[in-house]
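Chains as they are written, first to last, in the numbering used here: chain A, 107 to 479; chain B, 107 to 479.
What follows is a set of notes on a single structure, which appears directly below.
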């Protein structure tokens with residue numbers, strides 16, 4: 107299978123390392139590792155008790171991950187006419203620290219105990235506490251540690267960005283995009299937890315949540331973030347930013363829809379989460395909202411009696427999958443993903459985005475929405 | 107009683123509004139109100155479901171508070187030779203949003219249900235959920251809402267700072283101080299929750315925690331933050347920064363020791379927390395560590411059987427207070443507060459800090475450490 111993760115693929119032909127996503131991903135990896143090593147040293151200088159906190163972040167952050175947000179930011183930068191520099195890679199890598207905050211807090215709020223096949227941060231610290239037979243509640247300690255490590259990751263994302271060494275002339279615009287992206291993310295997360303408390307749901311509301319919580323935050327805003335690093339020319343920036351929205355918004359939606367499907371039908375080996383985890387957590391996704399609109403009243407009853415049960419076993423998961431499949435919603439969602447991805451890719455057809463970036467963004471569209479992620 | 111909160115007191119004589127802490131506090135109040143109103147409007151534009159979140163932050167932030175951190179930042183700015191501007195007040199006000207994040211997450215981690223005489227954020231949303239008989243766990247919703255509102259407040263503190271309009275030339279230095287302050291805060295918080303899980307405690311460790319979690323973050327770093335806004339001259343900045351540390355570090359310690367005393371002996375009317383709340387939460391403060399060093403083994407046994415009991419009643423609180431009083435630790439702590447405050451005030455005796463700022467900082471030292479805060 108052709109893959110852009112094999113360093114040198116296609117882009118290597120022109121020997122343009124800066125246009126090779128695999129090479130850039132490696133640079134992002136290495137910047138993250140350097141940053142986290144320095145931070146660990148600093149925390150250790152305050153107190154050795156902080157080493158487990160530093161180690162947990164290192165292991166959480168350097169343990170795979172597609173680095174989609176940094177990659178979109180980087181190619182957003184390149185597409186807006188920027189030229190490769192280590193400083194820019196560093197700034198892009200900071201988005202991965204923000205994502206760490208989002209995941210750590212999200213897992214805690216959802217009571218989701220596994221992440222990338224390993225214990226989530228709150229579970230990890232809960233286990234450390236129990237293993238040491240420490241004083242107080244292991245669960246409480248795990249929760250508090252996850253709240254603080256999420257906060258620390260959020261602050262680190264700022265620190266990494268501010269220390270990146272990017273041109274101070276672009277800083278105000280970059281910070282503005284960064285802030286807006288984060289407000290949107292938190293707003294989306296809040297809409298999400300609120301939605302879980304409602305007794306009725308609509309596809310429209312599920313779409314809004316997905317857009318703010320994930321779509322804009324994963325693709326559109328990182329592209330804008332990158333563009334803001336490339337130029338301070340208002341007209342150029344406004345132009346490329348609007349093209350990035352035309353590409354990023356539908357793609358973000360497709361990305362989230364793929365995530366919905368994986369949360370219900372995904373292979374645990376690939377998702378790093380137990381089978382049907384979203385069903386166990388009762389996630390009100392677009393897929394679920396669509397499925398519910400087409401369920402018979404008997405199916406709805408059975409669905410609601412199992413959906414969100416924290417001790418749901420595999421046979422329960424299978425029952426829910428069958429009900430969802432019978433509505434035809436998964437096929438509908440697959441078609442939507444195709445349509446949205448095509449729409450996104452078409453939006454790249456503009457001279458406002460550099461040719462090299464257009465090629466890579468077109469490939470990243472496939473990466474972000476493909477089945478076996 | 108003389109108070110600097112009566113606008114016009116002393117500083118008014120010279121008609122120097124910018125040197126009047128009461129007037130500056132009002133300006134900070136008004137900048138916060140303006141900022142939060144704009145943010146509420148923005149959240150509302152995403153979805154009306156976000157209004158309760160916006161309202162909770164408004165009520166949390168505009169409901170009293172001494173604004174110590176913004177004031178120290180402002181007078182740190184003035185003391186380093188800065189001239190008053192609305193932009194600087196705005197930047198200083200941003201620290202109050204960071205403090206909101208710290209308090210919201212702290213209350214959640216400590217299971218502390220009251221803040222300024224009202225329900226803490228997690229309790230507030232727990233109650234909203236229960237009142238609406240919404241789907242799912244009220245406690246879980248309250249916790250998730252508090253995690254997200256804390257995150258949002260943290261992002262808002264960045265946004266308020268970045269939008270403040272302060273000179274872009276000073277921005278890199280300001281951001282660096284701001285980042286360091288926040289890493290220290292999170293590190294201190296982590297040390298704190300870790301300490302609660304230990305079976306033995308020392309005064310030294312309690313002091314380290316207090317220094318990072320509260321002392322540096324409340325006084326020294328806000329002063330440095332202010333100084334970084336006043337000048338980019340490295341020599342001047344290094345000089346004034348070092349004087350601010352000589353003043354801020356002992357004062358920060360005194361501030362935290364006062365907080366320890368208030369947490370055990372404070373009047374609920376004034377603290378906004380139930381009587382003896384720190385005893386109920388089992389906070390391992392410097393005061394408690396000092397008291398424990400001088401307890402008889404019988405007292406230690408009784409102390410440990412009651413300390414940290416979440417259902418501790420008033421008679422239990424009284425018993426613990428008596429045991430602590432009998433060790434002489436409160437008197438010792440009072441003396442320490444005096445000594446540290448004097449040491450701090452003496453450090454102001456330098457031409458590196460402007461005369462006006464010296465006067466105000468000397469008064470703020472009293473404010474930050476006095477009994478009936």
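Each residue gets a CB set at the ideal place from its N, CA and C atoms; glycine is no exception.
In the displayed model, residue 337/B falls within coil according to three-state DSSP, outside both helix and strand.
Taking the Cα positions, residue 186/B is about 34 angstroms away from residue 204/A. Using a Cβ-Cβ cut-off of 8 angstroms, residue 214/A is close to 253 of chain B, given in chain order. A direct Cα-Cα distance of roughly 13 angstroms separates residue 401/A from residue 425/A. Taken in chain order, the region 397-471 of chain B contains no complete beta strand (DSSP E) segment of 3 residues or longer. The way I'd put it, the region 206-223 of chain A does touch the region 368-386 of chain A; three or more beta-carbon pairs between them come closer than 8 angstroms. In this model, residue 140/A and residue 134/A are separated by some 10 angstroms (Cα to Cα). For residue 318/A, same chain residues with a beta-carbon under 6 angstroms away, outside a window of 5 residues either side, are 290, 293 and 294 in chain order. If you look at residue 280/B, you'll find it in the alpha helix (DSSP H) that goes 277-301. In the DSSP assignment, residue 384/B falls within the alpha helix (DSSP H) that extends over 383-387.
By a beta-carbon distance limit of 8 angstroms, residue 174/A contacts residue 474/A. Their separation comes to about 6 angstroms. The Cβ atoms of residue 297/B and residue 156/A sit closer than 8 angstroms to each other. When 427/A, 254/A and 440/A are compared, the shortest CA-CA separation from residue 212/B is found for 254/A. Assignment of residue 225/B by DSSP, reduced to helix, strand and coil, places it in the strand class.
A straight-line Cα-Cα distance of about 42 angstroms links residue 149/B and residue 342/B. Contacts with chain A (Cβ-Cβ distance below 7 angstroms) from the region 284-311 of chain B involve 285, 288, 289, 292, 293, 295, 296, 297, 299, 300, 302, 303, 304 and 305, listed in chain order.
Under the three-state reduction of DSSP, residue 140/A is assigned to helix. Apart from the 5 residues on each side of it in sequence, residue 170/B sits with its Cβ closer than 7 angstroms to the Cβ of 222 in its chain, given in chain order. Between residue 167/A and residue 138/A, the C-beta gap is smaller than 8 angstroms, which places the two residues in contact. Close CB contacts of residue 337/A within its chain, under the 7 angstroms cut and outside five residues either way in sequence, are with 186, 187 and 343 (chain order). Listed along chain B, no residue sits closer than 7 angstroms to residue 380/A by beta-carbon distance, the nearest being about 20 angstroms off. Taking C-beta separations shorter than 6 angstroms and ignoring five residues to either side along the sequence, the partners of residue 184/B in its chain run 463, following chain order.
Residue-level contact check: residue 162/B does not touch chain A, since none of the beta carbons of chain A fall below 8 angstroms from its beta carbon. The beta carbon of residue 314/B is closer than 7 angstroms to those of 297 in its chain, skipping five residues each way along the sequence. Using a Cβ-Cβ cut-off of 7 angstroms, residue 326/A is close to nothing in chain B; its nearest Cβ partner there is about 15 angstroms away. Put simply, the region 271-280 of chain B does not touch the region 282-289 of chain A. Fewer than three CB pairs are less than 8 angstroms apart. The count of Cβ pairs closer than 8 angstroms, one atom from the region 234-251 of chain A and one from the region 299-309 of chain B, reaches three, so the stretches are in contact. Comparing alpha-carbon positions, the option among 207/B, 146/B and 311/B lying closest to residue 153/A turns out to be 311/B. At least one C-beta of chain A is nearer than 8 angstroms to the C-beta of residue 278/B. A check of alpha carbon separations from residue 395/B across 472/B, 265/B, 307/B and 158/B identifies 307/B as the nearest. Contact holds between the region 440-453 of chain A and the region 354-370 of chain A, because three or more Cβ pairs, one in each stretch, are under 8 angstroms apart. Residue 247/A belongs to the set of residues whose beta carbon lies under 8 angstroms from a beta carbon in chain B. When 361/A, 468/A and 335/A are compared, the shortest CA-CA separation from residue 322/A is found for 361/A. Between residue 267/B and residue 208/B, the CB-CB gap reaches or exceeds 8 angstroms. At a cut-off of 8 angstroms between C-beta atoms, residue 242/B counts as an interface residue with respect to chain A.
The DSSP-derived three-state label of residue 189/B is coil.
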